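Protein chains in written order, with our numbering: chain A, 176 to 537; chain B, 176 to 537; chain C, 176 to 537; chain D, 176 to 537.
Right, here's the structure in full:
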C-alpha cells in the first residue's frame, strides 16, 4: 500500500505550499494522519517490544551482586531488577503492559511498607523464609507459590532467615504509567507484624474450594493472597491423569493449565493481569498460537524449547521469556515442563480487544 | 382496615344488583380484587406454610420400615419420604418453594437414572457406601458431604455395601411445579458405572480453591458435584479461631457460616437453592431475624434450641425444621451446634424480592 | 410408566403393614415420593391453568356495572376485576405467576395511594384522562401506552374527566403470593399531586434513546414509567418497513416485536414480568411455539385468530387470552393485528429454567 | 524522601563495583527499580501529556489548506489532522489513550472503506451533507450529531454536496497502539451505497427509548450508530427545566449532562471511550475536579472559560482542549455553554482504576 493521501505529481509551487502546511501543522501542535496511518494503525499488531529470553542463572547472579552492594530502603523501596525489553529502550518494561523483575532479599532484610494502584504478584521459583505482610496479614512465601498484592493493599516483605531469597515480581506498571493511573503511598516505617504463620488469615478464610465465608467483607479485589504449590501441582496432575483415563480437562493433548482466580468472583485473580500455571507432559508440543496481548513466562521446573516468532530457545528451570503481542508461540518438551505465565489478557477481554489465532503453520 | 370498596349502606335493590354482578363475575371466570385484596396482597408475608419440626429418629424409623416394604424402581424412582407441611395440605411440600425428604437405600439397592429441570442436592447426616453417578461420574456420599445434581444432569444412586444408608434430598420441586417449569426424562435401566472412587472426576478438576481448569467446558450450572465435610469443617473452624484471635470472619459473635458456591461463577451452588453450613459456638444465641423467603434446616451435630416464630423446640442431631417466610428465627446452644440450611434465597435475590429484618425483640 | 416403587404382589400381611406405614406417614406429616412422582415431576409442564379467552366487550360491560355499584376506596384499593383461570379454582389468577385485570375508574374518581413488593403495569386499550401518580410524579395514561409501577413505588390513580376510563392491570401477584414475598403499605389519603402534565418528569429525564442522564440517581428498578404508543407504533412500523426493504429486524416473516426495557440496564422493564408489543402484517401466521412459562395477551388493534393448544379462537380488539406453560401458540391474521403480551419469562431466565420448542406440527 | 536503596557512603572500590553492576544490568537488558521507582510509580498521576487548547478557527483554516493540497485516498485513508500533545513528542496523540482530529472532506470527495479494532466516533460541530456508510448502512452527519463506528465495523465517508464539511474524529488509537491491539483491514474500493436517507436503518431499529427490537441480532458493540442533536438538546433542556422546577436531574447546580450509551446494554456507547454532552446554564461554574484518566473537550456552542490545572483559557465555539490525568478542571460561563466531552473513563472503570477528587480549592 504505497501512495497514501500524498499528491502524485506536484509542481514546485505546490511542493512549497505543502512544506509550509506541514510546518504550520507542527507549529500548531498538529499531525496529519495520512503520513503515519500505517504506523498508528498497522494491519496486525506490530509491537516495538521484541521476543526475548533471560536466563535465571544470569539474573540471579546479578541480583546476588546487587544484594551485596545496594541496601533495601525507603524511596527505592525494593531490590528488584526488571526485565528491560530492548525494543522499548529507555524503559524498564518487559512488555508495553507488564513489568517483571527478580526481587532479592538478604538475610534479615526488610522491604518497607507501601501501597499503590498497580496490581502486583510474586511467584516463587525457589527458597523460602520470607513473609509478605499484606494489610497486616503475614503471608509465607514458598517454592511454587503465587502471592497477590492487589491494588491499594499495603504490603511489605521481610526475610526471617539467615539465607537470601529471590523471587519474581509481576506488575502492571507499564500500563498504569502509560495511561497515568498510578497512585502510590508510603506505609509505616516499621513492620506491621513479625508473625510467621504457615497459613495466613486470608487463606484460612478463603482457601476452601466452593465454600464462601458469608461473614467476610465484600471487596472488588481478590480476598485470597496466596495460592500454594501443593494445590496447583495437584490440580495440574489431575488434569493429566484424567486425560490418561480418557476424560476432558486438558486444553490440548498433554497440556494442562490452571488459572489463578478470585474466589469471590471466579474472575482473574488480579483485574489487569492473568496468572496461570502450565504443565506439559513429556513429548508434548503446544499448538502454535498468536494472541493479541503480551505475556511473560517463567520455567518453573523441567526443560524444553520455545519457538517464539522466528526465534527458538532452549529452556531451563527459572528462565524467563517475553511474548509480544501477536507473536507466534509454541512450547515443547521431551521430559516434561512446568511453566508459570502471566499476561494482560484481562485488559484485552474487558476492553473487547481479544483475538487469538491458532494454526499449525505460521 | 375495614371498609374496602364495599358499599356502606345498600338498598335491597342495590344488594340484589351486587349479588347479580358477583354471580356474573363468577360465570365469566372473573374475580374482583376488592373483596380479596388483603389475602392476595398482605402487609407482610402471611404464609400458609407453618413452622414445623421433624425428629430424625422418627423419620429414620419410618424410612427403615419403607425399606422393608417398598422396593425402589422405575416410575417411583426413589425411596424418598418428604416433609409435608401441614399448612400446605394435599401437597408434599416443606415450603412453597422447597421439597425436603429422607431417602433410604438398602444394601445393594439401586435408584434408577433420570434427569429433570429441578435442581437437587443430597446432604449426608450419617453413613456411607452409596455412590451417586452424575452424568456417569461416580460421586461418593459420606457423612457431612453436600452432593449436587444440577438441573438436567443424569443421576442415579447405588448402595455398594451390605448396610442401608439414609440421607436428605433437597429440591425446588414446589417452585418448579407451581410455575410449570418441570421437565423430566428417564435414563438407561442399567448403571452408567460401578466405579467407587473416593474422589470423583469433577472434584479432581474443580475442587482446588482459586484454581480454574482452563480446559474444562463452560457451563451454566456448577461443575463441582461434591463438597466434602473435611473442607467444610475446616472452613468453619477457621472462622471461629479467627474470631478468637480478634479478626473478622464470623457473621455475628460465635456464629460461623459457609455458603456452598459454584467455583466457576462464585454464585450459589444451585441456581434456585441456597445451601449453607452454620456452626454455633457453645453459648451462642443468634440474633432473631425475619427473612422474606423460606428455608429448611437440619441439625448436623450437637444440640440446642430453636425459636421459630411463637414456637420453641429442642434440637438434636438430625432434626429437621422448616422456617416459613418472614417467620422470626433464632438458634441457641449450650454445647455447640452445627446445622445445615437450605433456602430459596437465590430466587428472591434474582427476582429483586429480598428483604431481611434483624431485631432483638420480635 | 406404570409400576413405580410399588410392590408387585403383596401378601395380606404386607398390605396391612404398608397401609399402616402410609397412615404413619400421614400422622407424621410426611408424604412418599413414589406414589406421586409423576404429578410432582411431569415429563413436560402439565399446568393446572387452562388456555382461556375473555372478550373485551363482556369484561368492559361487567366493569361498567361494577362502576355503578362498587365505590373505589381504601382497603379494596382498586376497582379491578381479575381474570380467574378456571384451572386454578379458588384463585383470581390468570396463570400461576400472573394476575391480569380490567380496572375501571369513573368520572372524577380516585384510587388511593399504596405501594407493594409486587411489580405492576397498566396497558391502555382505549380512553384517556386518568393520571397515575408514581412517587408523586404525574403520568398521563393514553391509548396504547404502557405505564409502570415497579416494586415499592407509591402509586395512585385519578380520573380528571367526566367520562369513565378502563385499562388492564398486570401484576406478579400469584408468584409473589405463592412464594410469600409480598409486602404492602397504604399511602396518604390525599393525592400527592393534581398536576396533569402531558409528559411526566421521569419521561423528561429518561425517554431519550441512548442518552443516559448522568445526574439521575441509580436504582435497581426502571426509572422510566411510561412507554408511549407513538414510539411503540413507530418502532414496529420500522421493523416491517425494513423487512419490505430486505433488511433484518423482524423476529420472523411478517412479525415485528418490541420489548419494553429499563433504559438504565437494558433488561426487562420489570424484574419479574416481560412486556412486549407484537405486530403481525396482514396474512401472517406465526410459527407454532411452546415455551416454558405462561403469558397473557391482549389484542390491541385488528382481528385474527389464535391457535391455543387444541383450541382456536377468533380475536377482536380488546380480547384477552391466557397461554399456560408449554401450550402451543400460533397467531394469524388476514388484515393485520397488534397485540400486547406479558409473561413470566424474566423469572424463567433468571432462574435458569427457560426452554422453547418451535415446531411446525404440534 | 531522600535515601533510596542507594548506598550512603561508598568507598571508591564499592563505587567501581556498583558501576560495573549497573553496566552489567544494561548489557543483560535489565533495569533496577530503585533508581527509577519515583518515575515509574509516582504518588499521583504525573502525566507527560500537558493541558492544551486548540482554536477551531486555526484548526479549520489548516484543514481547509490541506483540502486544497492533499487528496484523500487509499493508504492515508482520511484527511484527518490530529491534535499532537506537545508533552508526547513524536506522537500524534491528544492524550496517552485518545486520538482527536479534525477531518475535512471536500465537495464530492470520498474517504475509502476500511475497518479496524480501534473504536471511533465523529462529532459534528457544523455543516452537513456527508454520509458515513457503516457496514453498508448510510448515516447522515449533521450539526450536533454523534456518529459511531464501533470496532471492526466497515465504514467510509462521502460528501454529497458542493461544499466542504469538517468534523472531529475521536479514536482510541494511542491506547490500542500502546498495548499492541490494533488490527486494520482495507475495504472495497467503491462505495457500498450512495443512498442518502435522513435516518439510517440502525436508527429506525434502535432509536426508540426503552424499546428493544427482539428480532435484532445481538452484538457486543452498540447497534445504534447515530445520536441526533434534536434528542440530545431536548434531554439537556429537560434537566435544566427540572432543576428550575425543583427536581433532580442535573449533576450539580446549573450543569446538565447526558452520556451516550449503547441501547442494547446501557453501558458506554463505545467500549473504550466515554462520550458525553454537557450544558452549563449561564452563570454556572463547575466544581473543580481531578479525575484519573484523560479527556478531550470541544465547545459546541456558547462561550466561557476553562481552568485547566494552572492554566486559564477563554473558550469559543469549536475550541478543543485536552485534560491530562489528575489535572484539575473547572468550566465557567456567563452566557451559557454546551460542550462535548470524550474520555477514557470506561478503560479506567473496567480495569478497576477509577478515582475522582472533587474539591473547592486545588
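Think of the CB as a built atom: it goes at the ideal place given N, C-alpha and C, for glycine as much as any other residue.
Bear in mind the structure is a predicted one, so any value in this text is a computation, not a measurement.
Check your understanding: Exposed or buried, what is residue 428 of chain A when buried is set at 16 or more other beta-carbons lying within 10 Å of its beta-carbon?
Key -> Exposed: under 16 other Cβ atoms inside 10 Å.
message = Taking the beta carbon of residue 531 of chain C as the centre, do at least 16 other beta carbons fall within 10 Å, making it buried, or is it exposed?
response = Result: exposed.
Check your understanding: Between the region 289–321 of chain C and chain F, which residues of the former have CB atoms less than 9 Å from a CB of the latter, in chain order?
Key -> Structure shown: chain F not included; protein chains present are A, B, C and D.
- Query: Is the beta carbon of residue 497 of chain C less than 8 Å from the beta carbon of residue 335 of chain C?
  - Reply: Remark: C-beta atoms of residue 497 of chain C and residue 335 of chain C do not approach each other more closely than 8 Å.
- Query: How far does the beta strand (DSSP E) with residue 232 of chain D in it reach, from first residue to last?
  - Reply: No beta strand (DSSP E) holds residue 232 of chain D; the alpha helix (DSSP H) holding it covers 231–244.
query = If you measure beta-carbon to beta-carbon, which residues of the region 400–414 of chain C are closer than 8 Å to chain D?
reply = Of all residues in the region 400–414 of chain C, the ones placed with a Cβ closer than 8 Å to any Cβ belonging to chain D are 402, 406, 407, 409, 410, 413, 414, in chain order.
| said: Below 7 Å on C-beta distance, what does residue 376 of chain D contact in chain C? | reply: Ordered by position in chain C, the residues that pass the 7 Å Cβ test against residue 376 of chain D are 417, 422.
Continuous beta strand (DSSP E) assignments of at least 3 residues falling wholly in the region 247–304 of chain B: Secondary structure remark: continuous beta strand (DSSP E) runs of at least 3 residues inside the region 247–304 of chain B, in chain order: 255–258, 274–280, 285–291, 295–298.
Less than 8 Å between CB atoms is the rule here; does residue 511 of chain C satisfy it with respect to chain B? So, not an interface residue.
- prompt: Are the region 465–476 of chain C and the region 496–515 of chain C in contact at 8 Å, needing three or more beta carbon pairs?
  reply: Counting C-beta pairs closer than 8 Å gives three or more between the region 465–476 of chain C and the region 496–515 of chain C, which meets the contact rule.
### Query
chain C beta carbons: is any one of them nearer than 8 Å to that of residue 333 of chain D?
Look at residue 333 of chain D: its C-beta is not under 8 Å from any C-beta on chain C.
Checklist entry - Quick one: is residue 412 of chain B buried, meaning 16 or more other Cβ sit within 10 Å of its Cβ, or exposed? => result Burial call: exposed.
Subject >> chain D contact residues for residue 506 of chain C, given Cβ-Cβ distances below 9 Å >> reply: Residues of chain D passing the Cβ test: none, with the nearest at roughly 15 Å.
I'd like to confirm the pairing. Which residues does DSSP put opposite residue 477 of chain B in its beta bridges?
Note: residue 477 of chain B sits in a beta bridge opposite B:512.
| 7 Å Cβ cut-off: residues of chain C touching residue 328 of chain D | Under the 7 Å cutoff, chain C gives no residues; its nearest Cβ is about 16 Å from residue 328 of chain D.
_Run through chain B and tell me which residues come within less than 8 Å of residue 439 of chain A, C-beta to C-beta._
Scanning chain B for C-beta atoms nearer than 8 Å to the C-beta of residue 439 of chain A yields 441, reported in chain order.
Exercise. Between residue 199 of chain D and chain A, is there a C-beta pair that is closer than 8 Å?
Worked result: Interface residue, yes.
Whose Cβ in chain D lies nearer than 7 Å to the Cβ of residue 189 of chain A? Those are 244, listed as they occur along chain D.
request  = Please name the residue or residues paired with residue 518 of chain A in a DSSP beta bridge.
outcome  = Paired residues: A:449, A:470.
Q | Beta carbon proximity, residue 209 of chain D to chain A, threshold 8 Å | A | Cβ-Cβ to chain A under 8 Å: yes for residue 209 of chain D.
| query | From which residue to which residue does the beta strand (DSSP E) around residue 343 of chain B run? | reply | Element bounds for residue 343 of chain B: 340–346.
Selected residue, minimal CA-CA separation from residue 229 of chain B, among B:319, B:476, B:259, B:340: Comparing Cα-Cα distances from residue 229 of chain B to each of B:319, B:476, B:259, B:340, the minimum goes to B:259.
| task | Drop a sphere of 10 angstroms on the beta-carbon of residue 365 of chain A, count the other beta-carbons inside from all chains shown, and report buried for 16 or more, exposed for fewer. | result | Residue 365 of chain A is exposed by the Cβ-count criterion.
Between A:459, A:444, A:192, which has its C-alpha nearest residue 527 of chain D's C-alpha? The option with the nearest alpha carbon to residue 527 of chain D is A:444.
With a threshold of 8 Å between beta-carbons, can residue 194 of chain B be considered close to chain C, or not?
Using a Cβ-Cβ cut-off of 8 Å, residue 194 of chain B does not count as an interface residue toward chain C, since no Cβ of chain C sits closer than that to its own.
Is the Cβ of residue 427 of chain D closer than 8 Å to any Cβ of chain A?
Chain A, which has no Cβ nearer than 8 Å to the Cβ of residue 427 of chain D, makes this no.
Which same chain residues, not among the five before or five after residue 537 of chain A, have their C-beta less than 7 Å away from its C-beta? Any reading at residue 537 of chain A must be qualified, since the residue scores a pLDDT of 39, below 50, and its modelled position is unreliable; no value is offered.
Q: Please specify which runs of the beta strand (DSSP E), each continuous and at least 3 residues long, are wholly inside the region 412–438 of chain B, giving them in chain order.
A: Every unbroken stretch of the beta strand (DSSP E) spanning 3 or more residues and falling wholly within the region 412–438 of chain B is given here in chain order: 430–435.
Residue 529 of chain C and residue 222 of chain C - do their beta-carbons sit closer together than 8 Å?
The Cβ-Cβ distance between residue 222 of chain C and residue 529 of chain C does not fall below 8 Å.
- Under 8 Å from the C-beta of residue 436 of chain C: neighbouring residues of chain D: Within 8 Å Cβ-Cβ: 385, 386, 387.
message: So, for residue 383 of chain B: in the same chain, excluding its five sequence neighbours on each side, which residues have a beta-carbon less than 6 Å away from its beta-carbon?
response: Hits under 6 Å: none found.
>> Classify residue 371 of chain A: buried if its beta carbon has 16 or more other beta carbons within 10 angstroms, exposed otherwise.
In response: Exposed, because fewer than 16 other Cβ atoms sit within 10 Å of the Cβ of residue 371 of chain A.
(message) Give me, in chain order, the residues of the same chain whose beta-carbon lies closer than 8 Å to that of residue 535 of chain C; leave out the 5 immediate sequence neighbours on both sides.
(response) Note on residue 535 of chain C: pLDDT 49, under 50, position unreliable in the model; the coordinate value appears next. Correct list, in chain order: 462, 463.
| request: Answer with buried or exposed for residue 486 of chain D, where buried requires no fewer than 16 other C-beta atoms within 10 angstroms of its C-beta. | output: Around the beta-carbon of residue 486 of chain D, fewer than 16 other beta-carbon atoms lie within 10 Å, marking it exposed.
inquiry  = Let me check one thing: in DSSP terms, what residues is residue 359 of chain A bridge-paired to?
reply    = Beta-bridge pairing links residue 359 of chain A to A:291.
Next on the checklist: At the 8 Å Cβ level, is residue 379 of chain A part of the contact set with chain B, yes or no?
Outcome noted: Cβ-Cβ to chain B under 8 Å: yes for residue 379 of chain A.
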